[in-house]
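Enquirer: First, the structure itself, so that you have it in front of you.
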Amino acid sequence: MKPASRRRASASLLALLGLLVQAQLWGCAREPEDVKESRFLMGTLVTFTISGAPREAALAAIRDAAGEMRRIERAFTIYGDAPNAVKAFNAAAPGAPVPLPDEVSRLLQTALAIARRSDGAFSPALGAPDRLWGFSLPEPPSAPPDMARLRALMRGAKWTNIVHAARSWKRLHPAAQLDFGGIAKGYAIDRAIAVLKRHGIANAIVDAGGDMRIIGNRHGRPWRIGLRHPRRKQATLGWFEAEGDVAIVTSGDYERYFIWHGRRYHHILDPATGLPARRSMSATVVARNATLADGWSTALFVLGEQGLPLVRSLGMQAVLVDAAGHLHRTPDALAPFHPSPEPHS
Ligand code: ADP
Ligand code: MG
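Per numbering that gives the first Met the number 0, residue 0 is the first one in the sequence shown, and the count goes up by one each step.
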């Protein structure tokens, strides 16, 4: 290269660098606004919040993530008229081998592992009693079902009656029917996060009615998360800060319930009895993904305070409000946790 053209080249290189620096400064000064969008999915309001991405890119990512959640809802629900593999399995003759799609088979394996580790506090085989109670039906119940019928169903509605056999699955009793209600929402949140990541989104929250997974941060600062109070609407138990990749899922007795003869009946059943579990008002689990956090929050709700050491031994954190309204936490859970002041009324 001649000296003159070399000079020209370095001048244009300098100009380019200048442009880049300017673009950087421009980027800092005009950080894109957070994009927040809600959709009704999986029986709840799902809010997607995306930080630090251009609006158009964020909206396209949310559209795909919401579509993925809708697909999962259809694939796993046991309600409504549209056929799916889970409903077909529940209708198959007891003892007959039924192949399940890989995705269903994998989530079932995860669900059964949680059932085993929680000594049956979590059970994906409660489809029949769940339908009998009817909390997920379009017309929710206002009184308990016939107790003799419930007891009869509970003799067969056991997770040990769902077995894997040569690339297929069998149910060993007519009352053993799958229900992914305790884990499918968490799985859908994980899949939604995977879609957002594929779109290049690095900072986001997918919040499905208080069950959420968080990636990245908000303009370099942690996200601030409130935990809902199980008895006081609009109030929080407290708040904490979270960033990185973490899931926080709560099971509570306040989402779907009725009061009958002064007693609360809700949708989380104790698999030992088929009756609403009585040891907790809410159970929150913090785990590396929402599938585990969802399954274990349901298990911990059933186990109550005594389940905290188990959850901790599996590397998760938890916050539990017991039946008397007292707060318990695994050491360092959601630390630093900032409890809300108790009202004096
Ligand atoms: P939510 O779906 O309200 O966030 P959960 O994750 O605790 O709450 O799931 C409750 C749902 O899970 C019920 O509606 C029912 O479909 C199912 N279910 C109820 N009891 C259990 C249980 N002990 N183990 C697993 N699933 C359960
Ligand atoms: Mg759950």
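C-beta atoms are modelled at their ideal positions from N, C-alpha and C, and glycine is treated no differently.
In this text the structure is predicted, and so the values were computed from the model without any measurement.
1. Does the ligand ADP have even one heavy atom less than 6 Å from the beta-carbon of I71?
2. So, are the CB atoms of P143 and Y264 less than 7 Å apart?
3. Let's test the definition: count the other Cβ atoms within 10 Å of the Cβ of K86 and tell me whether it reaches 16, buried, or not, exposed.
4. Within the continuous alpha helix (DSSP H) that includes K35, where are the two ends?
5. At a threshold of 6 Å, does D293 count as lining the ligand MG (C-beta to nearest heavy atom)?
6. Compare the C-alpha of L333 against each of A276, G225, P275 and name the closest.
7. Along the chain, which unbroken stretches of the beta strand (DSSP E) at least 3 residues long are found entirely within the stretch 223-266?
8. Could you have a look at I77 and say whether DSSP puts it in helix, strand or coil?
9. At what residues does the alpha helix (DSSP H) containing K184 begin and finish?
10. Using the three-state DSSP reduction, which class does M346 fall into: helix, strand or coil?
11. According to DSSP, simplified to helix, strand and coil, what is D210?
12. Using only the alpha-carbon positions, how far apart do G119 and A74 sit?
13. Grouping DSSP H, G and I as helix and E and B as strand, with all else coil, what is A164?
14. Decide yes or no for the touch test of the stretch 132-143 against the stretch 299-313: beta carbon pairs closer than 8 Å, at least 3 of them.
15. CB A57 to CB I49, shorter than 7 Å?
16. Answer yes or no: the CB of S135 versus the heavy atoms of the ligand MG, is any distance below 6 Å?
17. Ends of the beta strand (DSSP E) at L44?
18. DSSP three-state label for Q23, please.
19. So if DSSP puts V310 in a beta bridge, which residue, or which two residues, is it bridged to?
Expert: According to the structure data:
1. Because no heavy atom of the ligand ADP lies under 6 Å away, the Cβ of I71 does not count as near it: no.
2. A contact, by the Cβ cut-off of 7 Å.
3. In summary, K86 is buried, with 16 or more beta-carbon neighbours lying within 10 Å of its beta-carbon over all protein chains present.
4. Looking at the DSSP string, K35 is not in any alpha helix (DSSP H); the run it does join, the beta strand (DSSP E), is 34-40.
5. Yes, the beta carbon of D293 sits closer than 6 Å to at least one heavy atom of the ligand MG.
6. Of A276, G225, P275, the residue nearest in Cα terms is G225.
7. Within the stretch 223-266, the complete beta strand (DSSP E) runs of at least 3 residues are 235-241, 245-251, 256-259, 262-265.
8. Of the three classes helix, strand and coil, the one that applies to I77 here is coil, per DSSP.
9. Segment 183-197, the alpha helix (DSSP H) holding K184.
10. Residue 346 lies beyond the stretch modelled for the chain, which goes from 0 to 344, so this question has no answer here.
11. Of the three classes helix, strand and coil, the one that applies to D210 here is strand, per DSSP.
12. Computed Cα separation, rounded: 24 Å.
13. Reduced to three states, the DSSP call for A164 is strand.
14. No, they do not touch.
15. In this structure, the beta-carbon distance from A57 to I49 falls below 7 Å.
16. Not so, every heavy atom of the ligand MG lies at least 6 Å from the Cβ.
17. From DSSP, the beta strand (DSSP E) with L44 extends over 43-49.
18. Per-residue confidence for Q23 stands at a pLDDT of 49, beneath the threshold of 50, marking its modelled position as unreliable; the derived number appears in the next sentence. Here DSSP, grouped into helix, strand and coil, assigns Q23 to helix.
19. Paired residues: none, contrary to the question.
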